[in-house]
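Heads up: the sequence shown begins at 1 in UniProt numbering, then just goes up one per residue. For every residue, glycine included, the Cβ atom is placed at its ideal position computed from N, Cα and C. Since we're looking at a predicted model, the values are computed, not measured. Taking it in order: structure first as structure tokens, then the write-up.
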Amino acid sequence: MTVSESDHGATWREEWADAQEMKAPAVKDGSVFYRNIEEELDLSRQTGRCLPLHLPSHTIDFSNCDVLGFGHTGALREEFLKELDANPGFHMGAGGSRLMDGTSKYQDNFEREMAELMGVESVLFVHSGFTANQAIFSTVPRSGDVIVFDELTHATALAGMKVSLALEQRPFRHNDVDHFIEVMESIKEAFPLIKSGKRCVIVGVESYYSMDGDICPLRELIEAAEEIFPYGNAQFVVDEAHSFGSMGPGGGLGFVPDQGLEDKVAIRMFTFGKALAGSGGCIVSNNTVRSLLVNQAKVFICSIAPPFALVAAGRAGISLIQTEKAQKARDYLLYLTRFYLDTLTSHPTFKKANAKGLLRIPIHEDEDWHEREITHIVPIWTKPKHAHYLSFHLVRDGINGTPIVFPIVAKGEDRVRLIMHAHNTEDDAKALVNSICSWAEEMMEIEASGDKNKVPSAARLAFDLVKKEQVGTNGVKSFSGL
């Protein structure tokens, strides 16, 4: 699939440029409330990082999380409509929180069906993955407990940790088992009640990491934790947002059952907004944890129960992931991801750009990466500021990829996050490779010229629009480039 540059690239570029217009000068004599907000936003506008919302477009999509294509193909919609037809008397809203008559028979049945499918005591359906992580990490750690988490743990989990009762929250280096052991040993020595098995360590990790696309060494972490804390007071919480539906036994039930670690993980969280193409989240646990969350998780207690439509879409998604068609989609997704990586990393231009440090795929730099498990999340790391340059170039070529920069990732780790989908084709992957490499060629030419102020052509088109927007700002500092 191809699109003309004017069909999407120009529109997206104009929307981005409009969003960089400095607004504080226009409200300098107005309410201090709005002026302070606009001044804060202007700090982002000065560096081109104030982002607009934009409508989906007919680009080649390597950005959204509909990895199995249930949304793209309409499969989820069809299954959802079947759920509506089978339940003609449904109510639009829940009418109250789960503890105040908001629990419907339909939702209760769905949770029981999910628990049976996953072979666990309890599955608790909530509004979103954010809600799930917030509920878990704000409520499960008890007074005197310590939270240990991978440094790349999702911001939604960190938000919950900040309001928990835990004595401390300690990160360990990403996927670094040795450093994890160091952190756990230091906690054992620092907290006598934990050492004696009277308080707990809650370990938070993700199965697939959303910004790097790498996989948690979960078995090694669990084995280390069990050796250090033989009383069983080191318990794991695993975020399966990006793995549930896209891998695992029983129709894509995730990484933990794929590894046979169900009995070693206290709590799992997954969402319906990724592979299942809907919305909502689930917390997988035993009945003890469920009862705690239902009675003490403020985000659960104080929220209206999920409406029928949200639960029905979740149920439709669960039905779909168990089909033969979904398994074929999962198999093809892995094939296409390897095809893309092989095509890109074997391209002469990529090899040159990689050698110059312009482009990197860190998790695939080891010689044995072909033998490792991979995920559908395949970010391209760039030099600082270059993620936006590459994104502008991709959009101009009719391809959608998301630039990710500080503070979402650490400084110096700018990237364009790319996500493969079962509805992408080999031609789509080739088009992506060609666009990346044509951008790399241009960047190498710019570097060879020695002109440090020169920006690539696609970015220049966007920057020129911003400069036009800034005419007449009365000397106020305006957009200064990425």
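Residues near N474 by beta carbon distance below 8 Å, same chain, minus five either side: Any reading at N474 must be qualified, since the residue scores a pLDDT of 45, below 50, and its modelled position is unreliable; the value itself is stated next. Counting only Cβ-Cβ distances below 8 Å, and skipping sequence neighbours, we find P25.
Classify M92 as helix, strand or coil using the three-state DSSP reduction. Under the three-state reduction of DSSP output, M92 falls in the coil class, being neither helix nor strand.
Rounded straight-line distance, which links the Cα of A429 to that of M211: Near 20 Å, if we compare the C-alpha coordinates of A429 and M211.
Measure the alpha-carbon distance for D331 versus L124 and round it to whole angstroms. Approximately 29 Å, taken between the alpha carbons.
Could you tell me if A225 is buried or exposed, where buried requires 16 or more neighbouring beta carbons within 10 angstroms of its beta carbon? Classification for A225: buried.
What residues in its chain sit with their C-beta under 7 Å from that of N399, if we drop five residues either side in the sequence? Note that residue 399 is Ile in the sequence shown, not Asn. T59, I60, F62, A431, L432 and S435, listed in sequence order.
From the DSSP output, which residues share a beta bridge with M247? For M247, which the question treats as bridged, DSSP gives the partners F244.
Starting from Q107 and walking both ways along the alpha helix (DSSP H), at which residues does that stretch end? Segment K105 to M118, the alpha helix (DSSP H) holding Q107.
Under 8 Å between C-beta atoms of R219 and L261: Yes; because the gap between Cβ atoms is below 8 Å, this pair is in contact.
C-beta contact flag for T131 and V299 at 8 Å: Contact annotation: T131 and V299 have beta-carbon atoms nearer than 8 Å.
With 16 as the cutoff for other CB atoms within 10 Å, does residue 506 come out buried or exposed? Not covered by the structure: residue 506. The range shown for the chain is 1 to 482.
Would you mind sorting G314 into buried or exposed? The rule is 16 or more other CB atoms within 10 Å of its CB. Under the 10 Å beta carbon count, G314 is surrounded by 16 or more other beta carbons and is classified as buried.
Just to confirm, are V140 and I267 a CB contact at a threshold of 8 Å? With contacts defined by Cβ atoms closer than 8 Å, V140 and I267 form a contacting pair.
I need the DSSP call for G398, collapsed to helix, strand or coil. G398 falls in the coil class under three-state DSSP.
Around the Cβ of P257, are there at least 16 other Cβ atoms within 10 angstroms (buried) or fewer (exposed)? Flag for P257 reads buried.
Per-residue burial, Y340 [other beta carbons within 10 Å of its own, 16 or more giving buried]: Buried is the call here.
Nonlocal neighbours in the same chain, by C-beta distance under 6 Å from residue 483, ignoring five residues either side: For residue 483 there is no data in the structure shown, the boundaries of the chain being 1 and 482.
Output the boundary residues of the alpha helix (DSSP H) element that contains S44. V32 to R45 is the extent of the alpha helix (DSSP H) around S44.
Just the Cα atoms here: how many angstroms apart are Q259 and H242? Each residue's alpha carbon lies about 16 Å from the other.
So which of T425, M269, S303 and E441 has the shortest CA-CA distance to H347? Looking at the Cα atoms, E441 is the closest of the given residues.
In this structure, does DSSP put C302 in helix, strand or coil? DSSP, read as helix, strand or coil, puts C302 in coil.
Can you give, in chain order, each stretch of the beta strand (DSSP E) that sits fully within the segment 192-221 and has at least 3 residues? For secondary structure counted as the beta strand (DSSP E) over 3 or more consecutive residues, the segment 192-221 holds these complete runs in sequence order: 201-206.
Of the residues K352, C437, Q322 and D342, which one's Cα is nearest the Cα of E79? Of the candidates K352, C437, Q322 and D342, the one whose C-alpha sits nearest the C-alpha of E79 is Q322.
Determine whether the beta carbon atoms of G89 and G95 lie at a separation below 8 Å. No Cβ-Cβ contact shorter than 8 Å links G89 with G95.
Delimiting residues of the beta strand (DSSP E) encompassing E168: Residues E168 to F172.
Cβ atoms of R170 and H179: under 8 Å apart, would you say? At least 8 Å separates the beta-carbon of H179 from that of R170.
Looking at C-alpha atoms only, which residue of W369, D368 and K383 is the closest neighbour of N354? Taking only the C-alpha atoms, the option nearest N354 is K383.
Rounded straight-line distance, which links the Cα of R199 to that of G281: Using only the alpha carbons, I get a separation of about 28 Å.
For V405, which of helix, strand or coil comes out of DSSP? Here V405 sits in coil by DSSP.
E39 versus W16: straight-line alpha-carbon distance, rounded: Roughly 18 Å separates the two Cα atoms.
Could you tell me the distance, in whole angstroms, from the CA atom of N133 to the CA atom of H127? So the two alpha carbons sit approximately 11 Å from each other.
Less than 8 Å between the beta carbons of P52 and A19, yes or no? A19 is positioned such that its CB atom lies closer than 8 Å to that of P52.
Identify whether A462 lies in helix, strand or coil by the three-state DSSP scheme. In the displayed model, A462 falls within a helix according to three-state DSSP.
Element boundaries [beta strand (DSSP E), containing S319]: Not the beta strand (DSSP E): S319 falls in the alpha helix (DSSP H), residues F308 to I321.
For T402 and V455, what's the separation of their Cα atoms in angstroms? Rounded to whole angstroms, T402 to V455 spans 19 Å at the Cα level.
So the alpha helix (DSSP H) V433 belongs to, where does it begin and stop? In this chain, the alpha helix (DSSP H) harbouring V433 covers E426 to S449.
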